[in-house]
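Here is the structure we will look at.
2 protein chains.
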Amino acid sequence: MLDQSPQLDRLFHALSDPTRRAVLDRLTRGPASVSELAAPFSATLASVVQHVQVLEASGLIATEKIGRTRTCRLSADAVARAERWLSERRKLWEARFDRLGALLEAEAPPNKNAAKRKRTS
Amino acid sequence: MLDQSPQLDRLFHALSDPTRRAVLDRLTRGPASVSELAAPFSATLASVVQHVQVLEASGLIATEKIGRTRTCRLSADAVARAERWLSERRKLWEARFDRLGALLEAEAPPNKNAAKRKRTS
DNA sequence: TCAATACTTAAGAATATGCTTGACTATTGG
DNA sequence: CCAATAGTCAAGCATATTCTTAAGTATTGA
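Chains as they are written, first to last, in my numbering: chain A, 80 to 200; chain B, 80 to 200.
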């Protein structure tokens, strides 16, 4: 299994900002230029350009510059990737929960091998 | 529709760190104490405590202190909430993509009302 | 050609994050 | 009681993030 950490880092970090999520929301209604994305916000164009760069680096959107305008569009792939990561964990957890059952769960003895050291470097 | 921005901020921010995601992974295998969570990492206990606090504030995990040990467990609800947010956007996007079709999509004229000002405050 | 448009880049300031060390508190086993 | 255990808290530090302003580039329409 390859290490997809940096990619997931960028993906979830990109999603953690409300302005960027609003940009994604706008893009679900279709492609838009950077200026169009900036219009609804109390933000300078430069600021929105930076958000767009973060979104593009995360893979959540793709952009294409034609003439002097840059058109941005959502990339369903990256959204699906983040969704899948979450889905896998939720399913694992729910499967485990189902196996044990609520009653047994309530009295399950905690794992016994505690950490012996402060660091593991 | 209530503003769930701060909650989603915390949720995705919590997911954006590899150590925290590893902690979540560990917790899909069952509850664990803070020391047990710290054991696999090159991190001090204090550092892991801080990550646990971030995860708890995001709602992704719940913790309970019994005696001197704090037991952490995954909260499927929050995971499902993040998953749902992504799923909604992906579906919107895919639905739109399907409606237009790949061919029409390739020549769809971009939205015409461009931004006229730098700020909207 | 020339001014407006649509970014783009750079630099700086304010704030947030993540990590470390060190001190401190609460429990627990002997 | 006492030492070890499991965490907790508070600083401090380095880096990252986000926003702003200002200046610069590439296109486009008249």
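Even for Gly, the Cβ is constructed at its ideal location relative to N, Cα and C.
Within 10 Å of its beta-carbon, does residue i have 16 or more other beta-carbons around it, so buried, or fewer, so exposed?
i      : result
P110/B : buried
T98/A  : buried
R198/B : Confidence at R198/B is low in this model, with a pLDDT of 44, below 50, so its placement is unreliable and no value can be given for it.
P117/B : Looking at the sequence provided, one finds Ala at residue 117/B rather than Pro. It is buried - the Cβ of A117/B has at least 16 other Cβ atoms within 10 Å.
A174/A : exposed
A187/A : Residue placement at A187/A cannot be trusted, given a pLDDT of 46 that sits under 50; what the coordinates show is reported in the next sentence. So A187/A counts as exposed.
S121/B : exposed
L81/A  : At L81/A the pLDDT is 45, less than 50, meaning the model places this residue with poor confidence; the figure from the coordinates comes in the next sentence. By the neighbour-count rule (16 or more Cβ atoms within 10 Å), L81/A is not buried but exposed.
S84/A  : exposed
E115/A : buried
Q105/A : Note that residue 105/A is Arg in the sequence shown here, rather than Gln. Burial call: buried.
A157/A : buried
R100/A : buried
From what residue to what residue does the beta strand (DSSP E) around residue i run?
i      : result
R149/B : 148-153
Is it the case that the Cβ atoms of residue i and residue j are separated by a distance below 8 Å?
i      : j      : result
T107/B : R168/A : yes
A136/B : S154/B : no
L202/B : A161/A : Look at the range of chain B in this structure, 80 to 200, and you will see that residue 202/B is not part of it.
V131/B : L124/B : no
L90/B  : G138/B : yes
S95/A  : S95/B  : yes
Terminal residues of the continuous alpha helix (DSSP H) containing residue i?
i     : result
S95/B : S95/B -> no alpha helix (DSSP H), and no H or E assigned at all.
- prompt: Taking Cβ-Cβ distances below 8 Å as the criterion, which residues of the stretch 151-163 of chain B are in contact with chain A?
  reply: L153, A155, V158, A159, A161, E162
message: At 4 residues or longer, what runs of the alpha helix (DSSP H) sit wholly inside the stretch 98-182 of chain A?
response: 113-117, 124-137
message: Under 8 Å, CB to CB, which of the residues in the stretch 118-144 of chain A have a partner in chain B?
response: A118, P119, F120, S121, A122, T123, L124
message: By the 8 Å beta-carbon criterion, what residues does the stretch 103-118 of chain A contribute toward chain B?
response: Of all residues in the stretch 103-118 of chain A, L103, D104, L106, T107, R108, G109, P110, A111, S112, S114, E115, A117, A118 have a Cβ within less than 8 Å of some Cβ in chain B.
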